[in-house]
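Quick note on our numbering: the sequence shown kicks off at 12 and runs consecutively.
Ideal Cβ placement from N, Cα and C applies to all residues, glycine included.
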Amino acid sequence: MDYLQRAAKKLDRFGDRDAKILAIETSCDETSCAVVCSGRRVLSNIISSQVEIHKKYGGVVPEIASRKHIELIDYVIEEALREAEVRLNEIDAVAVTHGPGLVGALLVGVSYAKALAFALDVPLVGVHHIEGHIYANYLEKSDLEPPFVCLVASGGHSHLVNVKGYGRYEILGRTRDDAAGEAFDKVARALGLGYPGGPLVEEAARRGNPEAVDFPRTYLEPGSLDFSFSGLKTAVLNHLNVCRQRRETVNTLDVAASFQSAVVQVLSDKTIAAAEKCGARVVALAGGVASNEKLRAVLASRCGERGLRLVYPSKLLCTDNAAMIGCAGYYRLIRGIVSPLTLNAVASMEIDSY
Ligand code: KG4
Ligand code: ZN
């Protein structure tokens, strides 16, 4: 029997056991490993952020990210096992993010996961990073079940997804240029606030006037659920240039608040429109931008008015972490899906239904 046949056999009645999945996430600048039991019970979730290293370059340097993952991964995996009080030989399957992301960074996690699955002779499953972000919502809400509409907004993606069932996705809209988090990061850099931009813009915006500058809200064609944030980013840069040319002082707090208000309005308008289009009763948020308090508050109020339930993960689970990958991997495994040991890292890939 070859590896795939043995793995398939081990998946027999996988959902009936307290299956322990070791999950690995290295798609960007967080090296993370988790142990997740029966899909939703997080036994450990170790996240080692490289943010302090990339900060001095104003963004993630892919080559440095890959090297740091190599340096950190052994330690992060050992810590995850130690905290979970689980030995390697008790691991039932290995889940890993295999895309999308920085290919060199992904390769570290994928290679490690393949070696581990081969050595332990347990099933391996590759997980889509965005699918992982969506599944972060299940980890703290034991009653949450599909269907729901999910806004996934991170540094690399802004997607509206109709989650019709486990593994059944319909992409309702996506960004046509910059992702929401990317816009936060670029505006933060232009304002001299630092990196990563989202939390710093949010902090500045708290003390600014959101109506001070009337930045554009881009809705694209009527009925479109796609996003476009590059025009807004350019409008912020133009505003800063005009102020400088006129030798006017820039009110950083007001610009941050006005920018955030424009992003939040478009994200929330389109999320509500998506929920109405699908007849959803539940709206979920995911990804780094889902940490934004303004976005959470505006959507909480707009969902409340319509009798929709709003859910979002705690801030730790909004950022990149391996527990969400373990959860998404579990739902693939219980459907009998297993990846071959030739699994590769893929920089850009569509979220696939199964
Ligand atoms: O999901 P994530 O950790 O990594 C990616 O998959 O990209 O998202 C990181 C992104 C960054 O662009 C960061 O600036 C943004 O999420 N972010 C925020 C906030 N916290 C993180 N954006 C707005 N408000 C926040 N509080
Ligand atoms: Zn992410």
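Item                                                                                                                             : Value
Nearest CA to the CA of R28: which residue from A333, S55, L344?                                                                 : L344
Thinking C-alpha only, which one of T108, G115, I88 is nearest I102?                                                             : I88
Is the segment 273 to 284 in contact with the segment 222 to 230, if contact means three or more CB pairs nearer than 8 Å?       : yes
The ligand ATP heavy atoms versus the CB of F129: any closer than 8 Å?                                                           : Here the bound small molecules are the ligand KG4 and the ligand ZN; the ligand ATP is not part of this structure.
Counting only runs of 4+ residues fully inside the segment 271 to 354, write out the alpha helix (DSSP H) ranges in chain order. : 304 to 316, 326 to 329, 333 to 344
What are the complete alpha helix (DSSP H) segments, minimum 4 residues, inside the segment 57 to 96?                            : 62 to 66, 73 to 95
Buried or exposed: where does T260 fall if 16 or more other Cβ atoms within 10 Å of its Cβ makes it buried?                      : exposed
Is the separation between the beta-carbon of R200 and that of D237 shorter than 9 Å?                                             : no
Do V136 and V105 have their C-beta atoms closer together than 9 Å?                                                               : yes
Taking the continuous alpha helix (DSSP H) assigned at G115, which residues delimit it?                                          : 114 to 131
Report the CB separation of I57 from S43 in whole angstroms; it is logged as a contact under 8 Å.                                : 6 Å
DSSP has K31 in a bridge; who is on the other side?                                                                              : C48
Select from V224, L202, E222 the residue whose C-alpha is nearest the C-alpha of A215.                                           : L202
What is the rounded straight-line gap between the Cα of S40 and the Cα of S59?                                                   : Looking at the sequence itself, residue 40 is Asp, so the reference to Ser does not match. Answer to the nearest angstrom: the Cα atoms are 9 Å apart.
Use the C-beta contact count for F270: other C-beta atoms within 10 angstroms, 16 or more gives buried, fewer gives exposed.     : buried
Consider the C-beta atom of D154 and the heavy atoms of the ligand ZN; say whether any pair is separated by less than 8 Å.       : no
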